[in-house]
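Chains as they are written, first to last, in the working numbering: chain A, 225 to 389; chain B, 16 to 636; chain C, -4 to 490; chain D, 6 to 107.
Working notes, structure below.
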Amino acid sequence: MTPLVLFYIAGAFALGGAVGVVGTRNVVHAALFLLVALMGVAGIYLLLFAEFLALVQVLLYGGAIIIVVLFALMLTRLQEFSSGVMENKQWPIAALVSLGAFILISVAVARSQGGAITDRAGPGVLLLGESLFTQWAIPFEVASVLLLVALIGAIVIARSGEGEP
Amino acid sequence: MELAWLAPALNFAAFGVVSLFGKYLPGKGSFLSILAIFGGFILFGVVLADYLGQKEDTLSFSRTWVELGVARITWGMIIDPLSVIMLGIVSFVALLVQVYSLGYMAGQERFGWYFAAHSLFVAAMLTLVLADNLILLYIAWELVGLGSYLLIGFWYERPSAAEAAKKAFVTTRIGDVGLLIGILMLFKATGTFEMAGVFAAVEAGHVAPGALTWATILIFAGAMGKSAQFPLHVWLPDAMEGPTPVSALIHAATMVAAGVFLVARAFPLFEAAPDARMVVAVIGLITAGMGATMALVMTDLKRVLAYSTVSHLGFMMLALGAGSVPAAIFHLLAHAFSKALLFLGAGSVMHAMHDETDIRKMGGLRKKMPITALTFTIGALSLAGIPPLSGFFSKDEMLLAVFDGLSPAFLVLALVIVLFSALYMARLLFTVFYGASSPEAEHAHESPSVMTLPLIILAAGAAVVGFLALEVGGYEGFGNFITSGHHGFEVNLLLTVAAVVLALVGFGLGYAIYVRKALSTQALMGQFGWVHKLLVNKYYMDHAYQWAIDRIVLVFASFIGAFDRIVVNDMGVNGTAETVKRSGFRIRYLESGMVYNYALAMALGAAAVALFWWLVIPRIG
Amino acid sequence: MNDWLLFLLVAVPLVGGIALMFFPSRNYPLIRGYSAAVAGVSALLSVSIFFAYDYTAAGFQFTNSFQWLPVLGIQYSLGVDGISVLMVLLTGIVFITGVLISWNIEHRPKDFFVHYLLLVAGVYGVFVSQDLFFFFFFYELAVVPMYLLIAVWGSSTDFKTFLRTKEYGALKLMLYLVAGSLLVWVGILAVYVAGQGDSFAFSDLVSREFTPGFQRFFFPFFMVGFGVLAGLWPFHTWSPDGHVAAPTAVSMVHAGVLMKLGAYGILRSMELLPEGARDWMPALIGLGTVNVIYGAASAMSQKDLKYVVGYSSVSHMGYVLMGIATLDALGVGGAVLQMFSHGVMTALFFAVVGVIYHNAHTRDIDVLQGLAKRVSVTTALFVIAGLTSLGLPGLSGFVAELLVFIGLFRTYPILGAIGVIGAAITAVYILRLLAKVFFGPISERWQHLHDASPVESVAAGALATVLIAVGMLPSYFVRVINSGVLPFLERLTGA
Amino acid sequence: MITLVHVQVLSAGLFCIGLYGVLARRNAVLVLLAIELMLNAVNVNLVGIAAFVDHSKFLGQIIAVFVITVAAAEVGLALAIILRLYRNKGTTNVDQLNLMKW
């Protein structure tokens, strides 16, 4: 199978999952559709020589984020999510704007010189890890601090106050 | 001769000193004013003697006052027959009037201020007659107006006096607008304010005829204002609210003559613009006719004299329009003496009658105050044109000028006016001084000598100045003097006889009506009721002006005022603020609080920026 | 020494005002005396600058310059020419008389004088700055104290049909002046950037070439921006309302000096953008004509003394604008002299109106009547101001207006004629006012009215003396103006 | 062959679907999921650019790593906020949370 066919398959997963996310009425289904889309994206990563990112994508999104979302859904009342209109009043405009934006970006991309480039290449995980811990060490540490702060913040916000259920 | 500038300067100085320090001086400083004007009179003598000895046509000298770019404004004097004559008239009458005022104004509040204002007026008037350029003339012209304003409004506590002062200033100011515009038009055309330069340019034909005609008519507008010509004559009768000596000086002899003087001074312009001269003649005739007819019916002593003045000024303008400067100036001279005399006489009567001015309450005063009566009679006869008094000579010259210079219709009407002027003078004279003594006149008494002395001097003048017209021996006559020998007075016997006969008829008619009661005034009034009503109401011109001021000027002004407050301010300015406020109230509803609305706006904005960057920037960059 | 005169001129009221902040606020005589001393020194400085100015040598004199922010080309450079030196003199005169007129301020006099001194420092700064940045800076410095002075020490008046509070007047004035200054600031920045963006110095920018299109586009920013300040119709309404609300001394500075600042700004900006100015002059002269007639007609219909004087200022500023717009030596010279003359005259007007208001507690023309009987000094001073206003010869207004008229007749004769008619309308409303307020029988209510106090009489009398002196002997003033105006016009039309 | 255009169009598609989700959905959790889609679209783009044009070939991936990190933090916080909202307001519908208005 040529990479292009693989690309189309992965892209179909990604886009199909995405449509499912925004189309379904059931929130849990939406979360699962998101998982499908994310896996599609992971496939794309693989095709673009980003093995490490593909791995992170599967582990972090598939294993962590979706689970957290499902936990959150369980903590709120489920029946509210699966019934009634899930779109707000401006959804037609939103659809138009989205479509317009898509056309705009696509045309812009198609008119650019990027179409001629077919020469794909990747750095390999080794080089990525090296530079991440040398050249990008400080941003990396900052990101870890950010995660810590977000963690604490999430706990503080979500924790029950005095006398709350 | 160069000393002539001292005459106005002395009086300006007197004004300054008396107005500032008058209350610390003995006699409130009045003596300073009188000294100043006496100095002016002496200077007149000196200048006259010099002039006659020198035998030069004119002499002028000037000092620069303001110089900016091409415009040079100077203080300058011109000494020619016209200015010498005017210098004499002004200083002489002013001197007598001030002396008279010592008696008349005795005990008045603001006695010193009266003399200060008098000095200011005289100084301005002397500057006016001596000015050698149009701007200086205009300056003096305005200051004369100021002096008049201050003096008419001397008794400013009286609302009528305050009103009259305002009316006089505003009305003359309307004429002055024309004068200034005319002067500036001439400056634009000739590039100079010097009268000699302007006249030379006009004579050389450097000024377009159309512009010249308009400029000349506008200059005449100034003269119309000051000389109380129709339709700007309305201020003069009201100006009688001022003290009577003021009326004698300003509103009989000097300021009102300024217009005549101006036309005479600027006569080269009028000669070059025949249309403008025709305007002068027509306006003069209308004014003379209106003044004479209104003088027939007024019952206020001073107003009769005022309308008589209007009429005579109109006559002078008529003569100027006919092209005769000497006749007009000669009548100006004769009229100045006679009318100042009449006003001072009227003042003497009012002094005796406790400021009563209604002639119907007077009568038989001849016995109570003989000097006043005699001098008044001389003045009245002179103005009625009875020979051999001065008015006879001057009127004769004017009629001759009309005969020579204008169509016969003017002459016929002028003769009718001569008849009228004799009639109203007779009416005044007989009603006040002759006939039965009225009860109000019982306690009248002759005025003090400080007042009667000027009367006698003026009466003498009024009686004899007419003879100046005659050519006797080496003296070549007034006409030749004023025109430097170009235009002597002539005599047309037929015209003279006609004028005298008409004057006598008028006087006789007056005698018949008011002394012999051959004709009842009541019957006349009954017969010509509407005419009488028209005349008593001054041709309804005051009404018309009042209506115009109330309904047009003030309404326009309050319209603009309201427009400014309501449209410009409340709608424009506050409206802008209100619009911002209201639109803020409306626009805030765009802030729905719905987060996806904001997100949509963001998306649209981002798309707009992208489109702009992609489509617009490449084209304009 | 001469180089420092202008520096001192600005520094004395500025430092004086700041120092006054640290005075004890209860010691009224000290505060007054100190303020009068500062004003006196500054008036002496301005008089000496005026007479030390050498009119035979044209151009900017007493120049002095300090680098302030060289990166942007901003420097604190000072200098006066024949036009601004007259404005400096005017400011000095109005300054000292304003302090004297405010002698009896009872409400927080220290703060009043602090603001007043800062206001005057700003005005001085504008007239002597030769750098557009500082020009603008001082302009803004003048606006802020103005707002506070009106909002705190002003007076609110109920006109039956509408109400004018001091806060309204102050806010309106502030908004207008700031809006005007914004336009000016846009213009200044445009000129700065288009002129290579390396100098705010006036002398540098004048020599830069700007394209005709640029000039045409940006000149209106200056014209309208400064025009707002000069009372240009239809942006004039802040001025009468500001006067009605303002305390006496502020009205004096406002009408006497601040409005001149606008006309002065227009003159200066004409030099920056000569071609644009030439194209826009017909518009300016048209609006100036409207100012003259409209202001006079509005003044005629007013019932409040301050409104009358306020609208007459609008009318008289019309002559200034018309004169400037003639681009004729006589017209522009007359306009500059009119700026001076009107400044002194209107200061005198407001001083006298302030005295009347202080004593009678009303400015209503219908209520005041026959005052001349009781208050002769006040009356005499008001009459002098009124006669100047209607252009009576012998007083300064006549010379100025005459020169403007001559200039107009050389360029736009029809508008010149309208201008002359405007002067006649002025006569009508001034004389009506005199007849109503001062003449006629005095009513019972004013039998015990007080005349101006000695201090007030001296202050107003000094202003009247200036009016008479300039009216009698204008030649020195005209020569000084000439030395500024003629090179100005050469630069403007010779380009 | 896969070209950059393929990748970019895919990324655009994901992004715009996510955008629709953000703009059109009422439920806060669904909005959050749509945001995740958008973030992934960005990552796809970054990685694509890295693969095709970036000379060092890994800068885009590094930034994508950081994006994922931040996305994780964001999800955690956002879900905490949604829980909090649900407790306080009894709903997670964003159109009932319109306190921030006039």
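Cβ coordinates follow ideal geometry from the N, Cα and C atoms, glycine included.
All of these numbers come straight from a predicted model, not from anything done at the bench.
Run of the beta strand (DSSP E) containing residue i, from where it starts to where it stops
{"i": "residue 43 of chain C", "result": "Run containing residue 43 of chain C: none in the beta strand (DSSP E); it sits in the alpha helix (DSSP H), 23 to 47."}
{"i": "residue 74 of chain C", "result": "69 to 75"}
{"i": "residue 63 of chain C", "result": "56 to 64"}
Whole-angstrom C-beta distance between residue j and residue i, which should lie under 8 angstroms
{"i": "residue 92 of chain C", "j": "residue 41 of chain C", "result": "Residue 92 of chain C to residue 41 of chain C, Cβ: 13 angstroms. No contact."}
{"i": "residue 609 of chain B", "j": "residue 100 of chain D", "result": "6 angstroms"}
{"i": "residue 183 of chain B", "j": "residue 196 of chain B", "result": "Between residue 196 of chain B and residue 183 of chain B the Cβ distance is about 21 angstroms, and since that is not below 8 angstroms, they are no contact."}
{"i": "residue 112 of chain B", "j": "residue 264 of chain B", "result": "4 angstroms"}
Boundaries of the alpha helix (DSSP H) in which residue i is found, first to last residue
{"i": "residue 330 of chain A", "result": "315 to 335"}
{"i": "residue 418 of chain B", "result": "405 to 420"}
{"i": "residue 444 of chain B", "result": "423 to 448"}
{"i": "residue 360 of chain A", "result": "No alpha helix (DSSP H) contains residue 360 of chain A, which DSSP labels as neither H nor E."}
{"i": "residue 15 of chain C", "result": "-3 to 15"}
{"i": "residue 409 of chain C", "result": "408 to 428"}
{"i": "residue 624 of chain B", "result": "610 to 626"}
{"i": "residue 229 of chain B", "result": "224 to 241"}
{"i": "residue 13 of chain D", "result": "9 to 29"}
{"i": "residue 354 of chain C", "result": "324 to 355"}
{"i": "residue 434 of chain C", "result": "Premise fails: residue 434 of chain C is in no alpha helix (DSSP H) and is neither H nor E."}
Distance cut-off 7 angstroms: residue i Cβ against heavy atoms of the ligand ADP
{"i": "residue 32 of chain D", "result": "Ligands are entirely absent from the displayed structure, and the ligand ADP is therefore not among its contents."}
Residue i - DSSP class collapsed to helix/strand/coil
{"i": "residue 86 of chain B", "result": "strand"}
{"i": "residue 79 of chain B", "result": "strand"}
{"i": "residue 91 of chain B", "result": "strand"}
{"i": "residue 361 of chain C", "result": "coil"}
{"i": "residue 274 of chain C", "result": "helix"}
{"i": "residue 371 of chain B", "result": "coil"}
{"i": "residue 158 of chain C", "result": "strand"}
{"i": "residue 383 of chain C", "result": "helix"}
{"i": "residue 53 of chain C", "result": "coil"}
{"i": "residue 256 of chain B", "result": "helix"}
{"i": "residue 101 of chain C", "result": "coil"}
{"i": "residue 579 of chain B", "result": "helix"}
{"i": "residue 103 of chain D", "result": "coil"}
{"i": "residue 146 of chain B", "result": "strand"}
{"i": "residue 166 of chain A", "result": "This structure leaves residue 166 of chain A out entirely; chain A is present only between 225 and 389."}
{"i": "residue 86 of chain C", "result": "helix"}
{"i": "residue 219 of chain B", "result": "coil"}
Environment of residue i [buried if 16+ CB atoms lie within 10 Å]
{"i": "residue 146 of chain B", "result": "buried"}
{"i": "residue 353 of chain A", "result": "exposed"}
{"i": "residue 604 of chain B", "result": "exposed"}
{"i": "residue 304 of chain C", "result": "buried"}
{"i": "residue 101 of chain C", "result": "exposed"}
{"i": "residue 479 of chain B", "result": "exposed"}
{"i": "residue 435 of chain B", "result": "buried"}
{"i": "residue 155 of chain C", "result": "exposed"}
{"i": "residue 8 of chain C", "result": "buried"}
Along the region 15 to 35 of chain D, what residues have a CB closer than 7 angstroms to any CB found in chain B? 24, 27, 28
Return the residues of the region 80 to 95 of chain D that lie within a Cβ-Cβ distance of less than 7 angstroms from chain A, sorted by chain order. The region 80 to 95 of chain D vs chain A, Cβ under 7 angstroms: 80, 81, 82, 84, 85, 86, 87, 88, 89, 91, 92.
Anything in the region 436 to 464 of chain C with a Cβ closer than 9 angstroms to a Cβ of chain B? List those residues in chain order, please. 436, 437
Name, going along the chain, the residues of the region 614 to 629 of chain B whose beta-carbon falls closer than 7 angstroms to a beta-carbon of chain D. 614, 615, 618
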